[in-house]
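What follows is a set of notes on a single structure, which appears directly below.
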Amino acid sequence: MEALLGARLTLALSIFAFLSLLTTSFSQQIQILNAERRIDLTSHIVKVFLTLKVENTGTAPANEVLLAFPPTQVDHLAVVKAKAATGRRKKRTYITLDVKPTELPDAPNGAKYFIISLLNPLNSGETATLEVLYMLTHSLEPFPAEISQSEPQLVYYHDSAIILSPYLIKQQTTFIKTPTSKVESFTRVEPTNRVSTELKYGPYEDRTPYSFSPIIVHFENNNPFAVVEELVREVEISHWGNLQITEHYKLVHAGARHKGVFSRVEYQSRPSHSGISSFKHLLARLPPRVHSVYYRDEIGNISSSHLRTDYRKSELEIEPRYPLFGGWKATFVIGYGLPLQDFLFESSDGKRYLNFSFGCPLAETVVDKLTIKVVLPEGSKDPSIVVPFPVEQHLETKYSYLDVVGRTVLVLEKKNVVPEHNSPFQVYYTFNQMFVLAEPLMLVSAFFFFFVACVAYLHIDLSIHKPSQHFAKF
Amino acid sequence: MADPENAKEATTLRYAFGNVLSFFILLLIGVLAFWIRLFSVIKYESVIHEFDPYFNYRVTQFLTKNGIYDFWNWFDDRTWYPLGRVIGGTVYPGLTLTAGTIWWILNSLNIPLSVETVCVFTAPIFSAFASWATYLLTKEVKGAGAGLTAAALLAMVPSYISRSVAGSYDNEAVAIFALIFTFYLYIKTLNTGSLFYATLNALAYFYMVCSWGGYTFIINLIPMHVLLCIVTGRYSSRLYIAYAPLVVLGTLLAALVPVVGFNAVMTSEHFASFLVFIIIHVVAFVYYIKGILSPKMFKVAVTLVVSVGLVVCCAVMAILIALVASSPTKGWSGRSLSLLDPTYASKYIPIIASVSEHQPPTWPSYFMDINVLAFLVPAGIIACFLPLSDASSFVVLYIVTSVYFSGVMVRLMLVLAPAACVMSGIALSESFSVFTRSIKFQLHGLSGSSQVDSGDASSSTVVAQNDAGKAEKTEDTAKERPSKKSKKKEKGIVDKPSLKAKIERRLLVLPFEASIFAILLLVLLGAFYVVHCVWAAAEAYSAPSIVLTSYSHDGGLHVFDDFREAYAWLSHNTEVDDKVASWWDYGYQTTAMANRTVIVDNNTWNNTHIATVGTAMSSPEKAAWEIFNSLDVKYVLVVFGGLVGYPSDDINKFLWMVRIGGGVFPHIKEPDYLRDGQYRIDSQATPTMLNCLMYKLSYYRFVETDGRGFDRVRQTEIGKKNFKLTHFEEVFTTHHWMVRIYKLKPPRNRIRGKTKKPRSKTSSTTRTKRSAATKRNPWH
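Quick mapping for you: the protein sequence lines, in order, are chains U and L.
Residue numbers for the first sequence follow the numbering used here, so the first one is 1 and each next one is one higher.
Residue numbers for the second sequence follow the numbering used here, so the first one is 1 and each next one is one higher.
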């Protein structure tokens with residue numbers, strides 16, 4: 001392990017040296033006076049809160065601030081959000097800023113950038129405070145990669161002690177919060193300090209752009225590493241007043257793989273020691289006024305679930321059929337109905353729109369691939385969609401109960417979704433209310449013709465040989 | 001002239017109302033038959049039940065996914081590893097094709113029901129059909145009243161409910177409908193002599209052959225009836241039309257079903273029909289000759305024909321006997337033989353005897369399954385003899401044979417149930433008509449003082465005349481119905497008044513109070529039957545058997561969903577090609593729910609293979625490991641009920657494994673597992689028992705649950721408590737320990753085991769906890 005660490009360190013140090021040579025010129029008009037980074041490692045979703053105090057030292061006003069990420073992190077980056085803080089102390093308010101990924105031609109060593117567009121250009125000599133939040137998924141690497149039932153789960157977290165940035169940082173500090181005080185090891189980059197569950201790196205002064213100092217934190221994390229490999233949510237709008245949601249989950253425990261024996265007797269008799277990294281409960285937060293909830297998989301109902309509802313929210317506590325140990329998988333389906341009037345509205349231009357939450361209702365889970373299918377009622381036209389973040393989308397047609405032309409299905413796909421994505425999105429479409437009656441009328445006419453056919457059959461004599469003549473003889 | 005006209009109109013109106021009423025009654029009976037079977041869905045869930053239905057469900061899934069041609073050619077490599085099974089050629093396709101067709105129709109109407117839903121509700125739908133078919137059959141025998149009663153009885157007869165609750169997706173669900181409908185068409189043909197119905201009859205028989213192996217019952221019962229008719233001198237051309245086309249068309253059609261194929265002409269089950277086919281031709285020929293010859297010439301001809309016929313018959317018989325004698329089982333399949341000789345299976349084929357539904361029934365099971373019908377049947381038989389017609393003699397024959405068969409095998413109670421319903425329907429309706437008629441008569445007697453007899457007699461004659469007149473009239477004017485139907489109706493009506501008259505004449509003596517009382521009693525009997533049926537449907541037969549529930553003492557419902565827990569675990573956390581060994585009971589479920597390859601399953605076609613698994617289960621660990629390893633098995637699944645008291649677990653089935661295994665591999669001897677002829681697992685058990693794989697896999701680390709290893713099914717402490725496994729490791733045990741899955745350790749562990757020999761020896765030969773402790777202590 002030492003050798004591995006050493007190898008990683010030398011590699012990273014060489015990157016660091018290489019990076020520091022490549023200080024680019026374009027961004028030198030901005031420097032960061034103070035940077036504070038808080039990395040939260042308590043769950044398997046790494047949350048990083050970054051507070052930057054930015055100063056424009058150049059002459060021209062600056063519109064944008066760049067954030068740099070090493071390429072290994074970019075792949076795991078689920079969310080980047082930025083807010084500008086205005087006002088002092090108690091009157092401080094935050095305004096959300098636009099963050100977009102961007103490419104720079106002379107990015108050193110494959111570093112990737114996000115660009116924060118400031119609301120007001122930063123004039124020469126002015127400062128601004130930016131609050132950045134980003135989340136990383138799949139960034140805790142279990143080590144050892146396979147554990148037995150009685151062992152706790154240890155994970156690595158890789159990062160840099162110094163914030164990767166294209167700007168000069170005058171002063172910076174990094175705090176890392178671990179779930180427990182059980183930290184096996186961590187890289188020291190002086191000054192480094194550990195107080196129970198918190199690791200403090202820094203303060204470091206006057207670091208040149210693209211400074212990098214890799215660190216590894218090896219610590220115990222027994223929180224459920226619940227990852228939904230694939231989630232398909234189908235939202236079906238019925239203008240008879242119901243919104244039917246069906247969610248297909250492929251769940252996996254993405255922590256250290258379980259190895260060898262699973263002993264039920266140990267699991268049941270010593271729950272605090274045996275299989276502590278495993279999980280058997282999941283909590284789904286559903287909208288209020290939910291009804292007809294079901295929880296099943298392909299072989300039938302799963303009886304272990306509880307639903308609690310109040311007027312603000314509904315909570316569905318589900319248990320997979322078996323406790324999930326590292327690497328174990330489970331699939332299941334959750335379905336529920338919602339009153340339509342809570343989610344479907346009419347916009348000012350006469351269009352209807354559905355306002356529904358995007359992400360996965362399971363708490364603290366990562367969704368590797370999320371597909372949302374919005375099934376519009378038969379006969380609706382001009383679908384369009386408003387989502388607060390980029391998604392892939394295309395159209396499909398689905399045939400459901402007695403459909404003739406089929407229903408338009410808007411398919412939205414997004415990878416790497418975290419609970420932070422649970423924000424509403426809107427689907428606009430036009431729909432003529434008369435189409436609601438199409439299927440009942442179809443049924444009525446079908447039955448009508450059936451009965452007419454029956455009556456007609458009973459009044460038609462299909463026999464070739466007339467029985468009446470035969471009987472007339474006697 | 002005006003009065004009869006009015007009366008005529010009144011009667012036609014009455015008949016019209018009667019028809020509408022019986023239509024709605026039938027509709028309600030269908031609804032009842034459907035709804036009473038939904039207890040399982042409401043109390044549990046919409047899920048496939050038990051064992052065989054899972055196989056049928058899996059086949060239906062394959063059919064709907066891959067189409068009919070792939071279905072016929074389906075070679076299933078996920079079962080009977082490494083042999084595989086040709087599903088398309090060994091399965092009765094009727095049920096699968098039916099459900100597949102329903103699914104296909106629904107889907108082409110864009111009604112997206114899942115295959116599972118369709119499969120779950122196929123049985124209740126066909127129960128409704130079956131009760132309608134019973135109506136038709138009984139109506140042919142004894143009129144519409146008896147038909148309605150019989151249909152209502154069949155709609156809720158517990159015996160049939162047990163096989164056709166929602167989710168019980170088994171062959172019988174469809175086959176009982178096919179059986180009754182075939183019988184109906186046979187009777188219909190017999191009554192009408194119509195080739196149209198004869199053809200339909202052959203088609204219905206074909207559907208029955210597609211659906212269930214029990215079709216041999218039809219192809220033996222109908223020839224028996226034909227023979228009976230011939231012997232009792234009731235031969236008619238109608239009989240010929242009812243029988244000859246059925247044999248020819250039916251056999252040809254039956255041979256189209258892959259699973260039957262040439263068996264339709266080569267096995268002994270079908271020979272009776274061919275023999276009777278020859279006989280009926282001889283008889284028909286004789287009748288024909290008799291018709292065209294003068295009596296004197298006829299006598300000459302008879303001697304000629306009889307001598308020639310005898311020679312031909314002898315030749316045919318000789319050939320048949322030679323053919324039959326050349327095969328080892330005398331051309332009979334094991335199951336049919338065990339029907340003819342109830343002790344056959346237990347003597348020679350333990351695998352058939354091991355199935356609980358192949359055991360002879362006990363008396364309580366008759367009461368449970370057909371309830372009050374058992375008492376009504378004799379009355380029905382008597383009613384069938386007053387007067388005996390072709391149709392009623394058939395029903396009598398049906399009930400007699402089915403009573404015999406139900407006495408041989410529990411599961412053939414299912415064949416008895418429709419017969420019992422028909423009989424009881426006849427009995428109930430006849431007795432009701434007797435009682436109501438005498439009440440009516442008594443009421444008339446009270447109102448009209450002196451003109452009782454004459455008035456009643458005249459009224460009845462008027463009715464009779466009206467009936468006849470009406471019949472004629474309908475023949476004249478009715479255009480909406482094909483002639484045959486009304487002809488049949490006329491016959492029924494003509495029959496009825498004479499019968500009525502007879503009964504009236506005989507039962508005039510029945511006093512008013514007695515008949516009121518008797519009706520009350522009958523209603524009470526019916527009510528009791530309904531209550532029992534609803535109870536049976538709700539409590540006894542609705543459990544899907546893969547989910548168990550129990551009520552805790554505070555009233556809460558506790559669900560034991562261990563089977564699905566284990567199957568879900570297998571399907572998600574093992575490799576797709578891993579082989580799972582278990583006793584054959586769980587084979588179908590494992591392939592359907594866990595989608596893993598199994599060694600043996602509920603289609604017990606290869607005794608040796610099952611015996612191999614049985615031998616492995618009853619061998620010591622190392623030998624068992626070798627057997628399983630030679631079969632590429634990676635996981636072994638055992639069902640264990642000792643912790644929660646689930647009685648039908650593998651330890652209770654274990655003696656059958658020993659018997660079946662010992663039947664093929666003689667080194668497994670049943671007495672080795674019994675102490676003084678008793679099967680026990682406590683400290684008195686034999687060492688062979690305590691060291692066999694099944695014992696070890698069931699009780700591995702069981703003692704750690706309560707400290708002494710108390711088995712709640714056997715109600716004893718287990719014999720050997722602390723032991724370790726050397727060649728297997730526990731990989732999964734369900735929440736209530738009902739299913740335990742072990743993995744075979746890879747071969748290299750054997751070498752490591754050898755180096756650690758002393759330690760493993762102590763653990764494997766631990767006799768008690770104490771001895772293990774004393775041996776372990778020196779290292780401390």
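The beta carbon of each residue, even a glycine, is placed where N, CA and C say it ideally should be.
Nearest to N107 of chain L by CA position, among U:S211, U:N56, U:A453, U:Y401, is which residue? U:Y401
Between V265 of chain U and Y134 of chain U, how many whole angstroms is the CB-CB distance? I'm expecting something under 8 Å. With a Cβ gap of about 44 Å, V265 of chain U and Y134 of chain U do not count as contacting.
Below-8 Å beta-carbon distance, D297 of chain U vs any chain L residue: yes
Based on the DSSP secondary-structure assignment, which residues constitute the bridge partners of D76 of chain L? L:R85
In terms of residues, what are the limits of the alpha helix (DSSP H) holding V366 of chain U? Looking at the DSSP string, V366 of chain U is not in any alpha helix (DSSP H); the run it does join, the beta strand (DSSP E), is 366-375.
Does any CB atom of chain L fall closer than 8 Å to the CB of N242 of chain U? no
Thinking V639 of chain L and F628 of chain L are a contact (beta carbons under 8 Å), I'd like their distance in whole angstroms, please. The pair is not a contact, with the Cβ atoms about 17 Å apart (cut-off 8 Å).
Using 8 Å as the threshold, is the stretch 408-427 of chain L in touch with the stretch 139-156 of chain L, meaning 3 or more CB pairs across them? yes
Using 8 Å as the Cβ pair cut-off and three pairs as the minimum, do the stretch 360-369 of chain U and the stretch 225-242 of chain U touch? yes
Can a CB atom of chain L be found closer than 8 Å to the CB of Y322 of chain U? Residue contact with chain L for Y322 of chain U: present (Cβ-Cβ distance below 8 Å to some residue of chain L).
Quick one: what's K100 of chain U bridged to in DSSP? U:I115
Counting only Cβ pairs nearer than 7 Å, list the residues of chain U close to H49 of chain L. Within 7 Å Cβ-Cβ: nothing; H49 of chain L doesn't reach chain U, min ~11 Å.
Just checking, does the stretch 334-345 of chain U make contact with the stretch 404-423 of chain U on the three C-beta pairs under 8 Å criterion? Flag = no, the stretch 334-345 of chain U and the stretch 404-423 of chain U do not touch.
Per-residue DSSP class, three states only, for S357 of chain U: strand
Alpha helix (DSSP H) runs wholly inside the stretch 54-109 of chain U, at least 4 long, in chain order: 71-74
Is the shortest distance between the beta-carbon of L282 of chain U and the beta-carbons of chain L less than 8 Å? no
If distances are taken between C-alpha atoms only, which option among U:Y113, U:E36, U:F435 comes closest to W240 of chain U? Across the set U:Y113, U:E36, U:F435, the C-alpha of U:F435 shows the shortest separation from the C-alpha of W240 of chain U.
Quick check: what's the CA-CA separation for L412 of chain L versus F723 of chain L? 45 Å
Along the chain, where does the beta strand (DSSP E) that runs through Y428 of chain U open and close? 424-430
Assign M593 of chain L to buried or exposed, taking buried as 16 or more other Cβ atoms, counted over all protein chains shown, within 10 Å of its Cβ. buried
I'd like to know if the stretch 166-182 of chain U and the stretch 128-143 of chain U are in contact, where contact means that at least 3 CB-CB pairs between them fall below 8 Å. These segments do not touch.
Given a threshold of 16 other Cβ atoms within 10 Å of its Cβ, counted over all protein chains shown, does S711 of chain L qualify as buried or as exposed? Note on residue identity: the sequence assigns Asp, not Ser, to residue 711 of chain L. The residue in question, D711 of chain L, is buried, as its Cβ has 16 or more Cβ neighbours within 10 Å.
Check the C-beta distance from Y240 of chain L over to D632 of chain L and give it rounded, since I have them as a contact under 8 Å. Contact doesn't hold; Cβ gap of about 59 Å is too wide.
Based on the DSSP secondary-structure assignment, which residues constitute the bridge partners of H253 of chain U? U:A226
Starting from K653 of chain L, follow the alpha helix (DSSP H) in both directions and report where the run begins and ends. Per DSSP, K653 of chain L belongs to the alpha helix (DSSP H) from 650-664.
Run the CB neighbour count on S356 of chain L, radius 10 Å, all protein chains shown included, and call it buried at 16 or more, exposed below. S356 of chain L should be labelled exposed.
CB-CB under 6 Å to S165 of chain U, same chain, minus the five flanking residues each way: which ones, in chain order? A68
Q433 of chain U classed as buried or exposed, judged by whether at least 16 other C-beta atoms fall within 10 angstroms: exposed
Using the C-alpha atoms, what's the distance from S348 of chain U back to E378 of chain U? 23 Å
For a test of the three-state rule: what should DSSP assign to A543 of chain L, helix, strand or coil? Here A543 of chain L sits in coil by DSSP.
Considering only C-alpha positions, which residue in the set U:V46, U:L50, U:V54 is nearest to Q29 of chain U? U:V54
Would you give the residue range spanned by the alpha helix (DSSP H) that N263 of chain L belongs to? 263-266
Can Y92 of chain L and V259 of chain L be called in contact, C-beta distance under 8 Å? yes
Is there at least one Cβ from chain L nearer than 8 Å to A330 of chain U's Cβ? yes
Check whether the Cβ of L402 of chain U lies closer than 8 Å to any Cβ atom in chain L. yes
Span of the alpha helix (DSSP H), counted from its first residue to its last, around I516 of chain L: 512-535
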